[in-house]
Each structure stands twice: as C-alpha cells, then as structure tokens.
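Residue numbers (my numbering), protein chains in the order written: chain A, 41 to 439; chain B, 35 to 461.
Backbone N, C-alpha and C fix where the C-beta goes; we use that ideal spot for every residue, glycine too.
Below: the structure, in structure tokens.
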Ligand SMILES: Cc1cc2nc3c(=O)[nH]c(=O)nc-3n(C[C@H](O)[C@H](O)[C@H](O)COP(=O)(O)OP(=O)(O)OC[C@H]3O[C@@H](n4cnc5c(N)ncnc54)[C@H](O)[C@@H]3O)c2cc1C
Ligand code: SF4
Ligand code: SF4
C-alpha cells in the first residue's frame with residue numbers, strides 16, 4: 041500500500057474513465073474545479089506519486105484547490121454518473137477520497153464534530169435530549185428501567201434521524217400505523233451513518249449499520265420499514281453483509297402492500313415530487329407515486345440532490361443554498377413540493393426560511409398522515425439550543 | 035518455479051481492456067513482468083474520442099485517457115509497433131515481427147476493426163472510404179473535415195459510429211447525407227418510434243436522410259468547375275444509390291460493422307463463435323489464455339447467452355476481471371466469485387448536436403414482450419417489458435430520445451434510472 045489508503049479505488053476509476061468530459065458539465069462543483077471525475081482519481085494518484093511522506097502528500101493535496109473543491113464539493117447526487125455514458129461510480133470514488141482526506145486531516149473538525157452519529161452525542165441526539173424527544177416506549181426490543189427487552193417482533197420501523205428528531209408526532213403516528221398494519225412493531229431509532237460517510241469515516245458508518253443489523257436480528261423482526269431511501273439502501277447492504285435475513289421495504293411499499301387508507305386528502309395544488317438522489321433506480325419514486333395515487337407521469341419530478349448530501353454545507357454553504365434553489369426552481373409557483381426523504385424536507389424548509397417561495401414543502405408522509413412537521417419551531421429550537429442553558433455543553437461536546 | 039511461471043504475463047492490445055487488465059494485475063498483487071504488445075507507438079487512446087478529435091472538440095493529446103506517468107507506475111514492458119501475428123497456444127508463445135515471446139498467461143484484448151462490407155469497388159480511380167476507430171483514422175477524417183474544399187460528406191451506415199462521424203461532420207459545417215440500409219437510423223439500438231424522433235432532430239440540422247437504401251456504385255469523377263478556391267480538389271465521388279438516384283459527394287465515410295481482431299489466432303486452437311468465448315473470469319477454452327473487450331463473448335444478462343457487448347465499460351470491466359483472475363491464479367489461489375464478471379447489458383448514449391439518444395438492454399420485441407411509449411413535448415421514452423414466470427413483468431430495454439441534450443438533465447437521470455432497473459431485474 042502506498043501513502044494513500046484508497047489508491048486501489050482511484051486506479052479502478054482511472055481505468056474506467058475515458059476522459060470524455062461529460063461529467064464535468066453536469067456539475068457546478070466539477071465546473072468550478074475544472075475537473076472530470078477521472079481527473080480526480082488521477083490527481084490523487086499523481087499527488088501520491090509526487091510525495092515521499094504523508095506530510096508531503098497532505099500538502100500536495102491541500103495545495104490543489106481544484107481537487108479539494110471536487111472532493112469536498114460533492115453532494116453524491118450522481119448527476120455526473122447519470123450523464124457519464126459508462127455510469128462510472130462517482131460515489132465510490134468520492135467516498136474513498138473523503139476517507140483519504142479524513143486520514144490526512146484535510147477535513148476540518150468543525151465540519152463533522154456534530155454529526156458523529158455513532159457516538160453518544162450528535163446534533164440529533166442532542167436536539168432530542170434537550171427538547172425531550174424520546175422513544176423508549178417504542179424501541180421495545182431494548183430493555184429500559186421500566187420494562188424488559190421484548191422479542192418476537194414482526195416489523196422494525198426505521199424513521200431515520202431527521203424524522204425522529206424533527207417530527208416526533210409524525211414518527212409516532214407512522215409507527216402506530218405500521219404496527220396496526222404489519223403486526224407487533226419496534227423502532228430502531230439509530231442513524232444509518234450517512235453523515236459519517238460524508239465526513240470520510242466510511243468504516244465507522246458500516247460498523248454502525250452492521251450494529252443496527254444485529255439489533256434488528258435480535259428483535260426477531262422479519263421486516264425493516266425505512267422512511268428514507270438512503271437508510272433503506274444502507275441497511276439493505278448491512279443486513280446482507282452481516283448475513284441477517286430481514287427484508288427491507290420502504291414505508292411507501294409497506295403502506296401500499298397493506299392497503300393503507302390516507303388520513304387526509306391530497307392538497308389541490310399541483311404536486312412536484314423531489315426524487316431522492318438515493319433512489320438510484322426510481323423504485324422508491326414509483327412506490328411513493330403509487331401510494332399518493334398519482335401517475336408517475338403526472339406530477340413534475342425533479343431529480344438530484346436537495347443540497348444536503350455530502351456535508352457540502354460545511355465546506356461551501358452557498359453551494360448548498362444554490363443547489364436547493366436550483367431544485368426548487370423546477371416547482372411551479374403555488375405547487376406543493378413533495379419530498380421522499382425527510383432530510384430533503386428539512387433542507388428545503390431551511391432554504392425557504394431565508395429565501396421564501398410560494399411553495400408548500402411537504403414530506404410525502406405529511407400528505408397522508410395527520411401530523412405535520414413544524415419547521416419554524418424546529419429551526420427556533422435548533423438555533424436556541426446553542427444559546428440556552430445547554431449552549432456551553434454543546435459547544436464543548438462538539439468542539 | 036517452472037519456466038512457464040517465470041515467463042511474463044502477456045497482454046495483446048494496448049486499449050481499454052488491455053490497460054484495465056494491467057491495472058488489475060498490479061492492484062491484485064502480481065509483481066512479475068507484464069509484457070504488452072501494441073500495434074501502435076503511442077499511449078493507449080480512446081476510440082470514443084476519435085470523433086471528437088475529428089470534429090474539433092478534443093485535441094490530439096486529449097484522446098489518450100492515461101498519462102505516461104500513470105502508466106509508468108504500472109511498470110509495464112510495452113513492446114510498441116509490434117502486432118502479434120500468431121499465438122501458439124500449445125507452446126505458450128507469441129510470434130511477432132520483433133521475435134517470439136513466451137508467456138505464462140495471456141490476455142487477448144485486441145478490439146475490433148471497422149469494416150466496409152458491401153461498399154462497392156470504386157470505379158474511375160482509387161478511393162478508400164473514411165472509417166473511424168484508430169487515431170490514424172481520426173487523423174485522416176480530421177484532415178478531410180478541415181479541408182474547405184470538402185463540402186459534402188456521405189455517411190454510410192446508421193450505427194453509433196456512423197452517427198458519431200456524422201456529428202463530427204456537422205460540427206465542421208459540412209453538408210451531410212446519411213445512407214442506411216434499414217428503414218431507420220440507429221440500426222438495432224432503437225425501435226422505430228424513437229428512431230423517428232431522432233431522425234427529426236437530424237433533419238432539423240440539415241442532414242439529408244436516405245434510409246432503406248444502400249450505395250450501389252461509386253465512381254471517382256472529375257469535378258466540374260474546380261478552381262483554386264476549391265483547394266485544388268479536382269475530383270468528386272459520383273454515387274449511385276440502390277434506388278437509382280445519383281448524387282455527388284466529396285468524401286464518403288463508411289461504418290458497416292466491426293470485425294474482431296483475431297486473425298492471429300489459429301483456427302481450432304481456441305473456441306471462437308463470433309468472438310472468443312469466455313467464462314465468468316474471462317478465460318477462453320485454454321486455461322492460460324484470457325480475452326476481454328470487443329474480442330470477448332461473455333454473458334449478456336438479458337438473454338443469458340454469451341454475446342459481444344462492444345462498449346467501453348464492458349472492455350474495462352472485463353479487462354479488470356481477467357487481470358484479477360490471473361493475479362489470483364499466479365499467486366496460487368482460486369479466483370473468487372467477487373472477482374467474476376457479473377455479465378452486462380448493451381448501453382448506448384449518443385448526442386448529435388442537441389438531439390440525445392440513450393438506450394439500454396435489448397431491442398428485440400418478441401411476441402411475449404410489451405412496448406410502452408411515453409411521449410412529452412421534448413422527450414420520447416419507449417419501454418420494453420417482458421412477463422415474468424412468477425407473474426408481473428420486468429423491464430428489459432428502453433429507448434429515450436430528447437430534443438435537448440443537457441448534461442445533468444432529467445433525460446440523463448431517467449436513462450440512468452432505467453438502466454439500473456434493467457440490470458437489477460436481470461441479476
Ligand atoms: C468512433 C467510436 C465511438 C465509440 N463510442 C462509444 C461510446 O460512446 N460508448 C461506448 O461504450 N463505446 C463506444 N465505442 C466502443 C469502444 O470504444 C470499444 O468498445 C472499446 O474501446 C473496446 O476496447 P478494447 O480494449 O476491446 O479495444 P480497443 O480499445 O480498440 O483496443 C484494442 C487495441 O489492440 C490493438 N491491436 C489489434 N490487433 C493487435 C495485434 N494483433 N497485436 C497488438 N495489438 C493489436 C488495436 O490497434 C487497439 O489499439 C466507440 C468506438 C468507436 C470506434
Ligand atoms: S455526485 Fe453530484 S455533486 Fe458529486 S461530482 Fe457528481 S454531480 Fe457533482
Ligand atoms: S463522463 Fe464518465 S468517462 Fe467521461 S470523463 Fe466523466 S467519468 Fe470519465
């Protein structure tokens with residue numbers, strides 16, 4: 041092994057890239073870096089070739105502003121990959137590059153200190169603790185002081201961090217429905233580790249998912265219901281890796297299968313669906329459209345990242361905002377933007393706070409269930425926790 | 035270690051598949067000699083970029099995806115200008131104009147050559163039609179396209195390569211006529227409804243289409259009124275089409291299919307169907323000879339049969355698979371399932387100016403299969419579904435034509451999404 045831990049991945053990518061340049065034109069970050077994806081792999085290998093020590097390597101990479109832009113400015117939206125005639129795997133390339141960046145100390149701590157979701161405290165657990173949001177009554181496979189651990193569940197519900205933290209009523213309402221339709225349920229209130237991957241802690245993200253798998257196995261659940269396509273993908277891989285025979289289904293597919301009756305009418309505004317970029321082959325989109333009772337062709341659908349992917353906000357907040365703007369600009373005035381992943385809902389809400397638009401912004405579950413996100417309260421609470429009685433503690437924990 | 039083990043791993047052909055085989059050999063730990071036989075004296079080039087070079091969108095240097103420094107890191111012994119002329123499978127030796135070379139394992143990665151099947155003998159003087167594969171071909175095409183005296187080009191064939199040539203001509207401001215024996219462009223890659231939308235795009239760029247026709251005769255004739263302003267071109271090509279029409283062109287480009295470069299393989303020494311038949315590790319019928327890229331016939335996912343899927347990514351993945359398997363074997367281990375070639379589907383993307391075409395999977399519409407068409411203002415998508423024995427159906431192919439070619443657009447996202455769906459349904 042050379043100085044780079046992941047040079048194998050860069051060689052692999054280098055072999056597969058013909059340097060046609062189409063990917064560059066698909067991405068503002070690559071345009072800013074004036075690089076193709078193949079250039080990224082080749083630049084990393086060149087930096088390694090030109091360095092004799094790790095310090096030199098760090099300096100060589102840090103001095104290459106284009107390379108840093110390309111690696112840290114990536115949302116993992118796969119727009120470039122989709123444009124590449126060979127569908128070369130940008131995610132594999134950039135995740136590996138982030139691992140090397142992390143190892144080399146090229147990602148500053150403030151970019152990830154609050155999203156170490158495999159530690160006791162991260163931004164979600166802190167928010168939940170400070171604002172009294174807990175699910176010990178729903179995570180029934182875990183023993184509490186009041187109740188022993190239960191087993192023999194039919195289904196485990198995986199809301200994901202954003203929904204569990206920012207939409208507790210919605211989380212509970214969905215959980216109740218999952219149990220009503222699918223049998224005895226428990227909740228897995230952990231993270232899938234996507235923020236760890238973005239920060240270059242790939243192995244830790246996998247370990248986290250593997251631990252989730254084992255927890256699910258112990259619960260006895262036969263099915264894992266995920267709200268977010270990203271969580272579903274990561275958990276599918278982890279269950280496979282750990283040899284745990286549990287079927288992963290999206291909430292939309294689960295509700296379709298069980299003949300769920302929506303608890304409210306769809307809004308009479310036009311719908312504009314923001315396809316999750318983690319939904320690579322559009323399966324979840326199809327399931328969501330079926331659940332909403334809309335033809336996949338009827339609503340406007342826009343692809344690509346909402347701006348939250350890849351922790352780009354910690355590198356270039358303007359790029360995140362511009363990405364959210366560019367996606368929202370597809371939605372016709374007065375329409376309802378329907379998201380498939382709660383983090384996208386959060387991101388659009390955040391953006392529309394400072395740049396309001398005549399749009400409704402709803403996670404698809406909000407169109408089906410009674411409970412709703414209350415974003416102004418969420419943002420107020422998120423902001424205030426840094427200044428209130430917990431401010432000093434947070435500053436210390438996330439320093 | 036016996037003599038055979040000490041001999042180099044030979045790679046015949048320094049293209050995509052060859053380079054990827056070399057990269058994989060090193061990635062998977064092979065530290066011995068890798069001897070690469072190249073019939074050129076350049077770095078490996080990308081055939082895909084040749085039309086961009088001819089059309090003025092890429093420089094010469096940009097057609098070589100891998101730098102000399104990168105390739106040097108692989109520590110290859112490249113024998114340049116040295117086409118392998120014969121492969122002695124039993125004797126583990128390669129014969130070349132520069133002598134004979136022993137090998138322990140060999141990867142055949144010699145790609146394909148464009149053919150001019152059916153192109154008639156030119157009367158009235160010699161004329162070699164333009165073809166496109168190598169940098170030399172591209173150089174010739176570029177020269178022609180930069181020549182102001184060449185105003186009208188006839189592109190014969192309607193495949194991907196023909197359309198790429200056509201695009202290069204349009205980019206250079208040439209007047210282009212396309213002649214194709216099938217009723218539609220894109221040959222076996224598109225269903226009629228998609229091809230028609232693509233054809234409307236071509237017509238919009240002033241391309242004259244002569245579909246369902248072939249070139250019956252070509253005669254080199256004197257150019258009437260030729261003067262210095264024509265750059266001294268005092269001849270032109272009189273073309274008679276199969277329907278009887280006659281027209282005049284300055285140049286003709288021909289893309290009438292490809293032929294695998296396997297002339298150096300003695301008949302009967304390796305199993306050859308349309309190309310070298312390989313197993314999931316790219317091994318041919320001889321355990322020490324592997325094949326990858328356009329010369330290999332490996333598993334095509336939809337049919338489950340061994341077919342040539344002549345695309346870049348396939349060549350890269352197959353080269354990698356062969357290199358990895360050889361590295362494994364030479365280290366005394368069995369190749370692992372993880373390193374096996376997972377099979378592939380045909381995938382094509384082409385944009386002529388603003389008209390984009392993406393396809394993947396099969397275009398064979400059998401009686402059981404169902405075609406669904408979805409059309410919007412700027413896009414047509416055709417889906418081919420196949421019933422599943424257990425009920426339901428799977429997507430086995432699609433065509434997408436969009437009137438706007440914009441990188442990162444919904445058309446590309448849709449194309450990628452459908453491609454993934456086909457792959458997932460087949461695996
Ligand atoms: C104009 C054009 C456009 C294309 N566009 C696309 C596209 O958009 N997408 C896509 O996926 N694919 C495209 N392709 C196909 C793609 O380029 C090939 O599938 C791919 O390059 C095959 O790689 P290979 O390594 O098998 O062959 P090659 O890349 O051709 O390499 C083979 C090498 O071996 C050499 N060789 C031959 N015989 C011998 C010998 N006896 N001894 C030594 N060396 C020898 C050849 O000269 C060549 O250099 C295109 C091809 C062309 C020509
Ligand atoms: S994944 Fe998205 S953000 Fe990353 S390089 Fe590709 S297009 Fe750009
Ligand atoms: S589009 Fe694909 S092949 Fe072309 S430069 Fe980008 S990664 Fe390489």
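Check: Comparing the C-beta of residue 479 of chain B with each C-beta of chain A, is any distance below 7 Å?
Finding: Here chain B comprises residues numbered 35 to 461, so residue 479 of chain B is not present and cannot be evaluated.
Next item on the list: Please list the residues of the segment 305-316 of chain B that have a C-beta atom closer than 9 Å to any C-beta atom in chain A, keeping them in chain order.
Entry: none
Notebook entry, point to check: Within this structure, are the beta carbons of residue 202 of chain B and residue 85 of chain B separated by less than 7 Å?
Noted result: yes
Item checked: Beta bridge counterpart(s) of residue 148 of chain B as assigned by DSSP -> B:292
Note to self: Per DSSP, what are the beta-bridge partners of residue 307 of chain B in this structure?
What the structure shows: Bridge partners of residue 307 of chain B: none, in fact.
Check: Rounded C-beta distance between residue 281 of chain B and residue 273 of chain B? I'm assuming under 8 Å.
Finding: 6 Å
Next item on the list: Return the bridge partner residues of residue 336 of chain B from the DSSP annotation.
Entry: DSSP lists no partner for residue 336 of chain B.
Next item on the list: Give me the Cβ distance between residue 317 of chain A and residue 118 of chain A, rounded to the nearest whole Å; I'm assuming they're in contact under 8 Å.
Entry: 6 Å
Next item on the list: Return the residue from the list B:439, B:444, B:446, B:431 that minimises the CA-CA distance to residue 460 of chain B.
Entry: B:431
Notebook entry, point to check: Looking at residue 221 of chain B and residue 250 of chain B, is the spacing between their C-beta atoms short of 7 Å?
Noted result: no
Notebook entry, point to check: Secondary structure at residue 126 of chain B, three-state DSSP: helix, strand or coil?
Noted result: coil
Next item on the list: Under 8 Å by Cβ, that's how I've got residue 378 of chain A and residue 312 of chain A pegged, so tell me the actual separation to the nearest angstrom.
Entry: 7 Å
Margin query: With a threshold of 7 Å between beta carbons, is residue 350 of chain B in contact with chain A?
Written below: yes
Next item on the list: Along the alpha helix (DSSP H) that carries residue 421 of chain B, what are the first and last residues, could you check?
Entry: Unbroken run through residue 421 of chain B is the beta strand (DSSP E), 413-421; no alpha helix (DSSP H).
Note to self: Can you confirm whether the segment 113-120 of chain B touches the segment 75-87 of chain A when touching is taken to mean that 3 or more C-beta pairs between the two stretches lie within less than 8 Å?
What the structure shows: no
Margin query: Measuring only the C-alpha atoms, how far is residue 394 of chain B from residue 121 of chain A?
Written below: 15 Å
Next item on the list: Taking only beta carbons into account, state which residues of the segment 118-150 of chain A come closer than 9 Å to chain B, listed in chain order.
Entry: 118, 119, 120, 121, 122, 123, 124, 125, 126, 127, 128
Note to self: What are the residues in the segment 333-366 of chain A lying within 8 Å of chain B by C-beta distance?
What the structure shows: 337, 341, 342, 343, 344
Next item on the list: Establish whether the CB of residue 426 of chain A and some CB of chain B are separated by less than 7 Å.
Entry: no
Check: How would you list, in chain order, the residues of chain A whose beta-carbon sits under 9 Å from the beta-carbon of residue 105 of chain B?
Finding: Those within 9 Å of residue 105 of chain B in chain A number zero; the least Cβ separation is about 10 Å.
Notebook entry, point to check: What's the gap between the Cα of residue 146 of chain B and the Cα of residue 290 of chain B?
Noted result: 13 Å
Check: Would DSSP call residue 449 of chain B helix, strand or coil?
Finding: helix
Next item on the list: Could you tell me whether any Cβ in chain A is nearer than 7 Å to the Cβ of residue 346 of chain B?
Entry: yes
Check: Would you say residue 417 of chain B reaches chain A, if we count a Cβ-Cβ gap shorter than 7 Å as a contact?
Finding: no
Checklist line | Per-residue burial, residue 112 of chain A [other beta carbons within 10 Å of its own, 16 or more giving buried] | finding: buried
Next item on the list: Would you mind giving the Cβ-Cβ distance between residue 411 of chain A and residue 213 of chain A, rounded to the nearest angstrom? I have them listed as a contact below 8 Å.
Entry: 5 Å
Item checked: Any non-hydrogen atom of ligand 3 within 6 Å of residue 58 of chain A CB -> yes
Notebook entry, point to check: So the alpha helix (DSSP H) residue 204 of chain A belongs to, where does it begin and stop?
Noted result: 201-206
Margin query: Tell me the DSSP secondary structure of residue 402 of chain A in three-state form.
Written below: strand
Check: To the nearest angstrom, how far is it from the Cα of residue 438 of chain A to the Cα of residue 154 of chain A?
Finding: 5 Å
Notebook entry, point to check: How about residue 59 of chain B and residue 361 of chain B: do their beta carbons lie closer than 7 Å?
Noted result: yes
Check: Quick one: what's residue 140 of chain B bridged to in DSSP?
Finding: B:44, B:323
Item checked: Alpha carbon of residue 242 of chain A to alpha carbon of residue 219 of chain B, nearest angstrom -> 46 Å
Item checked: Beta-carbon contacts of residue 199 of chain B that lie in its chain and below 8 Å, excluding the five residues immediately before and after -> 85, 88, 164, 166, 175, 189, 287, 289
Notebook entry, point to check: Mind checking residue 135 of chain A: buried by the 16 CB within 10 Å criterion, or exposed?
Noted result: buried
Item checked: Classification of residue 416 of chain B by the beta-carbon crowding that lies within 10 angstroms, buried from 16 upward -> buried
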